[in-house]
Each structure stands twice: as structure tokens, then as C-alpha cells.
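Chemist:
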Amino acid sequence: VDPESIVSKTINSLQLSPTHPCFTFHFTDGSTFQILVQGYNPDTARRGVPSYLEMDPHLSDMLVDGAVPQLVGHTIEAARFITLQDRAFRYKAPPAAPSGLSPRRHNSWRDTEEEWIKDHLAFAFKVSGKWHCVWSMLEEQCVGEYANCVGNLGKCIFRDYDNVYLQERPPRSPQKSRFPRSPQKARDLSQSPKKARDYSRSSRKLQSPTKSYFPRASGAGSDSASWRSSPKKS
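This note's numbering puts the last residue of the sequence shown at 415; the count rises by one with no breaks.
Written as C-alpha cells, this is what we have:
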């Protein structure tokens with residue numbers, strides 16, 4: 182959506198997702214907008230190069246603190262997309278070290294490098310006279326699954342940048358209970374007093390739990406048309 186969509190809105194809270202590159206604005210009017218990465222697919226993210234959202238140090242420090250009290254209650258004064266220019270690079274995997282030669286003395290990840298200048302879109306917004314910026318970065322580090330990572334563990338071997346965009350998140354519909362309460366059960370039970378049970382000896386004789394008594398049918402001339410008391414099966 183157009184960045185102007187959030188101008189003049191008052192911030193209720195800000196949220197950075199811990200699992201996906203997603204930055205969320207919650208506004209006091211109930212609307213929600215998100216900064217997302219173009220082309221990011223959460224289903225394939227684990228199999229590809231990890232993508233992150235980077236931001237200016239001032240905004241990042243406030244998010245680490247949690248509540249972002251400096252921005253809550255303030256109004257978005259301006260918002261726009263800007264173009265950033267950064268250095269992207271990739272270190273090619275060196276060949277495996279010959280037998281008997283220490284990997285530390287063999288070709289390292291720094292020996293073969295390619296780099297390029299990447300232009301990418303970032304999202305900037307202004308609050309209380311200060312501009313803040315959010316952009317996307319892809320980064321891969323040297324881990325044990327790569328050859329010759331001895332001495333290079335944790336080293337960044339690939340970095341690139343993607344465009345970001347702004348999207349409005351539709352309001353969530355209230356979830357209905359899977360087991361709706363019956364209107365009959367929802368009534369005030371205090372308005373219907375329980376009938377007291379009769380625990381007298383004569384009452385126990387008439388209310389036998391093992392027999393049911395049925396009235397005899399009219400014109401009981403034949404056995405097939407007559408109703409008899411029949412004992413219940415236990």
C-alpha cells in the first residue's frame with residue numbers, strides 16, 4: 182500500500198517478529214500495517230539464505246528494550262520508500278585442503294571474493310521529528326557443514342539485500358466457540374428451585390428402580406393387545 186496510508190495515525194505498539202522478517206505497526210484506530218520482504222516465502226525460508234530486517238540503531242535499541250515507550254502515543258508525521266545503496270558480496274568456497282596440509286594454511290574463504298553494489302528499497306517513517314528506517318538483508322555465515330570452516334566459523338560468506346513493501350493486515354474475525362452454550366443452560370438456575378426429594382420409606386417402595394408400570398390397554402380381550410408390567414433388564 183501507499184506509505185501515506187499510515188500518516189497521521191497514532192502508534193499503539195510496534196512489534197518485530199522473532200521468527201520472520203516482519204515489522205508490525207499497531208495503531209490506536211485498530212488498524213495494523215506490516216513491513217514485509219519482497220519475495221519472502223516462509224515455507225522455503227529455512228532451505229534458503231536467511232533474511233533479516235535491519236533498522237537504524239535508535240529504533241533497534243528501542244525494540245530491544247521491548248515497550249518502545251518513546252514512540253507509543255506519537256503520530257506518524259511522514260512515511261515514504263527510499264533507495265539505499267549497499268555493498269553485497271559472496272565468498273566462493275575454496276577447494277578442500279590437500280592431504281597433510283592444515284586447513285588453516287590452505288585457501289580460506291577470503292581468497293576468492295566477488296562483490297557488487299546493490300540498490301534496494303527501504304521504508305522510512307518520521308515520528309517526533311526523527312526519521313527511522315527499516316530495510317531487508319540476506320546473510321549467510323560459515324558453519325560446520327561447509328568445507329574449510331576451521332578458523333572461519335561464524336564468518337559472513339554471503340550478503341545481499343532485498344526490497345521491502347508495506348501491507349495492511351486485515352482485522353482478525355472473532356473466533357466462535359466450537360461448543361456454543363445452549364440457551365436453556367444459560368438461564369439463571371437460581372430462578373428455578375430444585376424439587377426436594379422424598380426419602381421416606383413409603384416413597385422408596387413405590388419408586389422401584391427395576392420395574393416400569395404401564396396402564397392396561399382398552400379392550401384387553403386378547404393377550405397380544407394387553408400391556409403388562411415388565412421388569413427392566415439390569
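Glycine included, every Cβ here is placed at the ideal spot set by N, Cα and C. From a predicted model like this one, the values you see are computed outputs, not experimental measurements.
#1: Decide if K366 is buried, meaning its Cβ has at least 16 other Cβ atoms within 10 Å, or exposed.
#2: Give me the Cα-Cα distance between E295 and L252, rounded to the nearest whole angstrom.
#3: Output needed for A260: all residues of its chain with C-beta closer than 6 Å, excluding positions within five of it in sequence on either side, in chain order.
#4: Ordered along the chain, which non-local residues of its own chain (more than five positions away) have a Cβ less than 7 Å from that of G346?
#5: Please classify S232: is it buried, with 16 or more other beta-carbons within 10 angstroms of its beta-carbon, or exposed?
#6: Below 6 Å CB to CB, which residues in the same chain sit around T209 once its five sequence neighbours on both sides are set aside?
#7: Identify, in the order they occur along the chain, each residue of the same chain with its Cβ nearer than 8 Å to the Cβ of D300, setting aside the five sequence neighbours on each side.
#8: Span of the beta strand (DSSP E) holding D224?
#9: Threshold first: 4 residues or longer. Then list the alpha helix (DSSP H) segments lying entirely within the stretch 232–270, N to C.
#10: Can you tell me whether V245 is buried or exposed, with buried defined as 16 or more other CB within 10 angstroms of its CB?
Modeler: Straight from the coordinates:
#1: Bear in mind that the predicted position of K366 carries a pLDDT of just 49, short of 50, making it too unreliable to give a figure here.
#2: Answer to the nearest angstrom: the Cα atoms are 41 Å apart.
#3: Around A260: P184, I187, V188, F306.
#4: This sequence places Tyr at residue 346; Gly is not what is there. Within the same chain, Y346 has close Cβ partners L217, Q219.
#5: Result: buried.
#6: Sequence-distant Cβ neighbours of T209 in its own chain, meaning closer than 6 Å and more than five residues away, are T191, N193.
#7: Cβ-Cβ distances below 8 Å link D300 to T264, L265, Q266 in the same chain, with the five nearest sequence neighbours on each side left out; the list follows chain order.
#8: No residue range can be given for D224, since it is assigned to no beta strand (DSSP E) and is classified by DSSP as neither H nor E.
#9: Listed in chain order, they are 238–246.
#10: So V245 counts as exposed.
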